[in-house]
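Colleague: Anchor point for the sequence shown: position 114 equals 96 in the numbering used here, and the numbering is continuous, going up by one each time. Ideal placement from N, C-alpha and C gives every residue a C-beta, glycine not left out.
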Amino acid sequence: MRLSRYFLPILRETPKEAEIASHRLMLRAGMIRQEAAGIYALLPLGLRVLDKVCRIVREEQNRSGAVELLMPTIQSADLWRESGRYEAYGKEMLRIKDRHERDMLYGPTNEEMITEIFRAYVRSYKDLPLNLYHIQWKFRDEVRPRFGLMRGREFLMKDAYSFDVDLAGARHAYNRMFVAYLRTFARMGLRSIPMVAETGPIGGNLSHEFIVLADTGESEVFCHRDYLDFEVPGADVDFDSIAGMQAIVDKWTGLYAATADKHDAAAFAELAPEKRLSARGIEVGQVFYFGTKYSAPMKALVAGPDGVERPVHMGSYGIGPTRLLPAIIEVFHDEAGIKWPDAVAPFTVAILNLKQGASDTDAACERLHSALAAKGIDTLYHDLDERPGSKFATADLIGIPWQILVGPRGLAEGKVELKRRFDGSRELVSPAEALARLGA
């Protein structure tokens, strides 16, 4: 992609309304634009990152055995009346009427709708277990939206819903999602710590929030320091192994870890002082088991082996892809800008032509751009007629993991400069070596 043909509205000044690093950098890097309070447009650079985040989420959901569908954003209020949540949910729900004066709502979550879909088709325990998920936009009318995409009113959510014939099956479904979440966040470069959490309006009596430690986290969290060294399950993990899944969950819940709402100061104080970790944290996902909270009132029943119909046991599992963008930035940034992990970076490499218009640098950049594109490597070619310092600043701000600096002095020696954004390391190499290093 040539920058001259791309839409990248860089801001040189820091917007006054941005309170935290991720909000400042997303606005300055041309990733988002605020359209109303808590409502943002995803500009091309932001959308590229969001697409890569969603791809990882999908891959790990599919790996765990979940099946994707897509539910609408607008829901009938009648479904929520069945579950008893329509009046109880509060002002965060956007209630609307259609032209026929029927009560509708813009979905803040989908427990009711997925239960309605399930009960329309599934009647027997032989069709279970089942886990259905989608990635869809949601709206919650936050009293005080702030921090950009971190706490917006409109947001993208991956929500999965498991259905099982009994508690044992439901717990295995919960464990599968638990492990899938550990893998999902690790693939994005994040160290997530599952912490005992309140269930809130979703309901149920078992829930864990997956917390990423960051200085600008929304709330204080408390955990055992050893979690920072735990090894995340690999790609070969067996999601069908009941004992294997339980062993992983037992390990990751065996030490103290709690959000502020569930914090037990006395239990925390029993840890050795050097093992106590209190810090700020960002919630990037949450898992819930809530049994028959929705299936019983909505009559989502399945016949068991004995022929008796009973309400299915359910769980729900949420990840906010739009929230992950600022969370990743909060963990990976410096004074110059964003430092994207490779897996979610909008582009893998930026080519910086340090003397635009010169025949030698233009030709070298064109060859590099073509070679990288031919290998399917996401490349941004900064081909605008700007000073080198401006190009350096732009590349650092938007956080491309690799930069190839092409200048006349280096080319005279058959070299280009390869810079790694993450640690700032630089190396003079031949263009062929640069391509080999980047996998082209």
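Give the range of the alpha helix (DSSP H) segment to which Y163 is assigned.
Modeller: Note, Y163: alpha helix (DSSP H), 149 to 169.
Colleague: Measure the Cβ-Cβ separation of K34 and A325 and say whether it is below 8 Å.
Modeller: Yes; because the gap between Cβ atoms is below 8 Å, this pair is in contact.
Colleague: Rounded to whole angstroms, what is the Cα-Cα separation between T304 and Q385?
Modeller: Cα to Cα, the separation comes out at about 26 Å.
Colleague: Decide if the segment 105 to 114 is in contact with the segment 145 to 156; the criterion is three or more beta carbon pairs, one per stretch, under 8 Å apart.
Modeller: Contact holds: three or more Cβ-Cβ distances are below 8 Å.
Colleague: Leaving out five residues on either side along the sequence, give the residues of the same chain with a beta carbon under 7 Å from the beta carbon of A340.
Modeller: Correct list, in chain order: P390.
Colleague: Answer with buried or exposed for W119, where buried requires no fewer than 16 other C-beta atoms within 10 angstroms of its C-beta.
Modeller: Result: exposed.
Colleague: Roughly how many angstroms lie between the CA atoms of A285 and E50, to the nearest whole one?
Modeller: Distance between the alpha carbons of A285 and E50 is about 25 Å.
Colleague: Contact defined as beta carbons within less than 8 Å: I believe L131 pairs with P328. What is the distance between those atoms, to the nearest angstrom?
Modeller: That pair is no contact at about 15 Å.
Colleague: What are the partner residues of I386, as DSSP defines its beta bridges?
Modeller: Answer is I333, L400.
Colleague: When you compare only the Cα positions, how much space is there between D344 and L387?
Modeller: Computed Cα separation, rounded: 12 Å.
Colleague: With a threshold of 16 other CB atoms inside 10 Å of the CB of G289, please say whether the residue is buried or exposed.
Modeller: Answer is exposed; the Cβ neighbour count stays below 16.
Colleague: By the 10 Å Cβ neighbour count, where 16 or more other Cβ atoms means buried, how is L210 classified, buried or exposed?
Modeller: Answer is exposed; the Cβ neighbour count stays below 16.
Colleague: Give me the residue from V331, I333, V266, E74 with the minimum Cα distance to P308.
Modeller: When each option's Cα is compared against that of P308, the closest is V266.
Colleague: Looking at the unbroken beta strand (DSSP E) that takes in A239, where does it start and where does it end?
Modeller: It spans 239 to 241 - the beta strand (DSSP E) in which A239 sits, taken as one unbroken run.
Colleague: Considering Cα atoms alone, identify which of N335, E348, L164 is closest to S46.
Modeller: Ranking the options by Cα distance to S46, first place goes to L164.
Colleague: From this set, H351, L366, P255, which residue's C-alpha is nearest I359's C-alpha?
Modeller: The option with the nearest alpha carbon to I359 is H351.
Colleague: Give a yes or no on whether the C-beta atoms belonging to P323 and G171 are separated by under 8 Å.
Modeller: A contact, by the Cβ cut-off of 8 Å.
Colleague: Ordered along the chain, which non-local residues of its own chain (more than five positions away) have a Cβ less than 6 Å from that of E98?
Modeller: The answer, listed in chain order, is L61.
Colleague: Output the boundary residues of the alpha helix (DSSP H) element that contains I38.
Modeller: Taken as a continuous stretch (DSSP letters only), the alpha helix (DSSP H) holding I38 covers 26 to 46.
Colleague: Compare the C-alpha of R403 against each of A356, G319, L366, D367 and name the closest.
Modeller: The residue with the shortest Cα to Cα distance from R403 is G319.
Colleague: With a CB to CB cut of under 7 Å and the five nearest residues on each side skipped, what residues in its chain are close to L410?
Modeller: For L410, where only same-chain residues beyond five positions count, the Cβ hits under 7 Å are G392, K397, E399.
Colleague: Please report how far the alpha carbon of R67 lies from the alpha carbon of L7, in whole angstroms.
Modeller: Their backbone Cα atoms lie some 38 Å apart in a straight line.
Colleague: With DSSP as the reference, label H116 as helix, strand or coil.
Modeller: Of the three classes helix, strand and coil, the one that applies to H116 here is strand, per DSSP.
Colleague: Below 8 Å on the Cβ atoms is my guess for F137 versus G302; work out the distance and round it to an integer in Å.
Modeller: The Cβ separation is near 6 Å, so the contact holds.
Colleague: Could you check where the alpha helix (DSSP H) with G226 kicks off and where it finishes?
Modeller: Counting along the chain, the alpha helix (DSSP H) containing G226 begins and ends at 224 to 235.
Colleague: For I21, which option in F129, R10, F100 has the closest C-alpha, if you only look at C-alpha atoms?
Modeller: Among F129, R10, F100, the Cα nearest to that of I21 belongs to F129.
Colleague: Whose C-beta lies closer than 8 Å to the C-beta of M53 among residues of the same chain, with five residues either side of it excluded?
Modeller: Within the same chain, M53 has close Cβ partners G89, N92, M95, I96, I99, H116, Q118.
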